[in-house]
Amino acid sequence: MTEIDPTTRRRIVDALREQRIETPSWGYGNSGTRFRVFPQPGVPRDPYEKVADAATVHRFTGVTPTVALHIPWDRVDDHAALAGYAAEQGIALGTINANVFQDDDYKLGSVTNPDPAVRRKAIGHLVECIDIMDATGSRDLKLWFSDGTNYPGQDSVRERQDRLADALRQTYDRLTGEQRLLLEYKLFEPAFYMTDVPDWGTAYAHCLDLGERARVVIDTGHHAPGTNIEFIVAFLLRAGKLGGFDFNSRFYADDDLMVGSADPFQLFRIMHEIVLSDALGPRHGVAFMLDQCHNIEPKVQAVIRSVLNVQEATAKALLVDVAALTAAQRCGDVLEANAVLMDAYNTDVRPLLREVRAEMGLDPDPVAAYKRSGHLERVSAERVGGDQAGWGA
Ligand code: AOS
Ligand code: ZN
Ligand code: ZN
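Heads up: the sequence shown at position 116 corresponds to 116 in full-length UniProt numbering, and the numbers run straight through without jumps.
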């Protein structure tokens, strides 16, 4: 990597300062697999303490000013009051995640269930989530459906698509102002034969039908192995339909490990497409969210680590010499084009990020600063009987 000129450096530093990453309330609670949930000391006992942990992450990173909520896991009597508490802590409530997958009624599906009464119940929950958004001031409703079938012939694929379209329409029509509907897809699990929203194409088609304020969410763990996720990013950005990401890492399926830990190069390739499309800043409407579960690692520290991983991938993407890349592409110089990209990826951006943090008045090493702060020791003493995130019950 050649020396960065001062103008480019300024542009990169400003972009990194402007970056926003949303952390998930469920990432702070106890989680696990169906084999075992290992409880950890100091985990939040209620949504207020999850918000407090998210605010702690923001104090050390400076780029995570919102926390995503999950309903019903984070249902409280007064969501406006929770939003007020978040503001006192220096953050805001972000995306509202609907949950229509943990009720006995949803065994055969929620919005695509063959029983109209179950579908009505599910749609009622989605509408309730929008009521909560009205109270919290959240912009985005994120929908992930576990709906699908386990056996060929179990239900009509086509009718389930009709039911899905109808539920999405009723939900979308309830949105007001700047509110958006973000539709997340997932290849499989818990349905193993057919999932009703299995891929970006299905999500995209439904969002296209719905209208301007419906967009697709890419959860990086929701694809078949080997899927070229950055292609999906580029396609959806070009179509104006990328609503955001659920970032996490996977080795096998929906592992929900820390983003950038399994395949940092993939994260860089994704961020490269974001930078090329000038979609990094908050005004572009792409929400960068984490969707992770920290089963064995300390949670707040793991969320901080994840944020740093996203920042490192972003800094590398911002370092790509786009003029040199374009020149190489235009004249068909395959190896030079690839070399330009790899040059940026192979640059150690940690010194640059330390400068960014110092400029922002933060400790240049957020993990070390967090460990020094004694936060984990303090909450471990204060919080007894921490809550399960909701997963792996
Ligand atoms: C499920 O696999 C999806 O990743 C959802 O995004 C997730 O369930 C939800 O947002 C919170 O757990
Ligand atoms: Zn997700
Ligand atoms: Zn997932």
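Positions of the beta carbon are idealized from the N, C-alpha and C atoms, including for glycine.
Confirm the yes/no value for this check: CB of residue i, any heavy atom of ligand 1, distance under 7 Å.
{"i": "LYS142", "result": "yes"}
{"i": "LYS186", "result": "yes"}
{"i": "ASN97", "result": "yes"}
{"i": "ALA70", "result": "Note on identity: in this sequence residue 70 is His, with Ala being the wrong assignment. For ligand 1, at least one heavy atom lies less than 7 Å from the Cβ of HIS70."}
Any heavy atom of ligand 4 closer than 7 Å to the beta-carbon of residue i?
{"i": "GLU189", "result": "Ligands in the displayed structure: ligand 1, ligand 2 and ligand 3; ligand 4 is not one of them."}
Classify residue i: buried if its beta carbon has 16 or more other beta carbons within 10 angstroms, exposed otherwise.
{"i": "ASN30", "result": "buried"}
{"i": "GLY94", "result": "buried"}
{"i": "ARG160", "result": "buried"}
{"i": "GLU178", "result": "exposed"}
{"i": "VAL384", "result": "exposed"}
{"i": "ARG274", "result": "The question names Arg, but residue 274 is Ile in the sequence shown. When all chains shown are included, ILE274 counts as buried."}
{"i": "residue 405", "result": "Outside the modelled stretch of the chain, which goes from 1 to 393, sits residue 405, for which no answer is possible."}
{"i": "ASN150", "result": "exposed"}
{"i": "GLN19", "result": "buried"}
{"i": "ASP53", "result": "buried"}
{"i": "ALA393", "result": "Interpretation of ALA393 is limited by its pLDDT of 39, a score under 50 that renders its predicted location unreliable; no figure is taken from the coordinates."}
{"i": "residue 406", "result": "The question about residue 406 has no answer, for the chain in this structure spans 1 to 393."}
{"i": "GLN311", "result": "buried"}
{"i": "PRO24", "result": "buried"}
Within this structure, are the beta carbons of residue i and residue j separated by less than 8 Å?
{"i": "CYS293", "j": "LYS241", "result": "no"}
{"i": "HIS222", "j": "ASP255", "result": "no"}
{"i": "ASN97", "j": "LEU126", "result": "no"}
{"i": "VAL307", "j": "HIS375", "result": "no"}
{"i": "residue 395", "j": "ARG180", "result": "Shown here, the chain extends from 1 to 393; a query on residue 395 therefore has no answer."}
{"i": "ARG213", "j": "ALA167", "result": "no"}
{"i": "TYR48", "j": "LEU82", "result": "yes"}
{"i": "HIS164", "j": "ASP134", "result": "His is not the amino acid found at residue 164; the sequence shown has Leu there. Taking 8 Å as the Cβ cut-off, LEU164 and ASP134 do not qualify as a contacting pair."}
{"i": "LEU183", "j": "LEU143", "result": "yes"}
{"i": "ILE232", "j": "THR220", "result": "no"}
Does any heavy atom of ligand 3 sit closer than 7 Å to the C-beta of residue i?
{"i": "GLY90", "result": "no"}
{"i": "HIS222", "result": "yes"}
{"i": "ASP199", "result": "no"}
{"i": "ASP256", "result": "yes"}
Can you name the residues that DSSP bridges to residue i?
{"i": "LEU257", "result": "SER249"}
{"i": "VAL290", "result": "The sequence shown places Leu at residue 290, not Val. Its beta-bridge partners are PHE247."}
{"i": "THR195", "result": "GLY148"}
{"i": "ASP140", "result": "ARG180"}
{"i": "ASP219", "result": "ASP246"}
{"i": "VAL67", "result": "THR23 and LEU93"}
{"i": "VAL37", "result": "GLY32"}
{"i": "ALA214", "result": "LEU181"}
{"i": "ALA328", "result": "Bridge partners of ALA328: none, in fact."}
{"i": "ALA224", "result": "For ALA224, which the question treats as bridged, DSSP gives no partner whatsoever."}
{"i": "ALA98", "result": "ILE71"}
Problem - Test item, CB below 5 Å from any non-hydrogen atom of ligand 2 - result: ASP219, ASP246 and ASP291
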